[in-house]
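Numbering (the numbering used here), first residue to last: 1 to 61.
Backbone N, C-alpha and C fix where the C-beta goes; we use that ideal spot for every residue, glycine too.
Remember, it's a predicted structure, so these values are computed and weren't measured experimentally.
Each remark here refers to the structure printed beneath this line.
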Amino acid sequence: MIQQDGVILADSPDSPSLFALRDWLTGWEEAGRPAPETYTPILVPSGDDQGPAGWHLRLSH
1 MIQQDGVILA
11 DSPDSPSLFA
21 LRDWLTGWEE
31 AGRPAPETYT
41 PILVPSGDDQ
51 GPAGWHLRLS
61 H
């Protein structure tokens with residue numbers, strides 16, 4: 001979880017979620033920290049007959 005003040009909370013230092021978040025942040029920084037309005041959001045349906053239906057948010061730049 002990222003709090004409004006920028007603090008990142010994770011359940012442990014080797015949390016898979018924390019690893020993924022740091023990877024995303026590194027990619028964002030390497031891209032020059034593009035502003036949110038430079039992305040195009042797309043909702044993609046998810047789920048199948050064996051799991052709950054829902055949506056994935058995909059951003060393209």
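- Note that the C-beta distance between Y39 and L59 is below 7 Å.
- Between the alpha carbons of G47 and I2 lies a distance of about 26 Å.
- Apart from sequence neighbours up to five positions away, the residues of its chain that approach L9 with a beta-carbon distance below 6 Å are M1, ordered along the chain.
- In the DSSP assignment, no residue is bridged to H61.
- P16 sits in a helix when the DSSP states are folded into three classes.
- A distance below 8 Å between beta-carbons, with the five flanking residues on each side excluded, links H61 to the following residues of its chain, in chain order: A31, P34, T38, Y39, T40.
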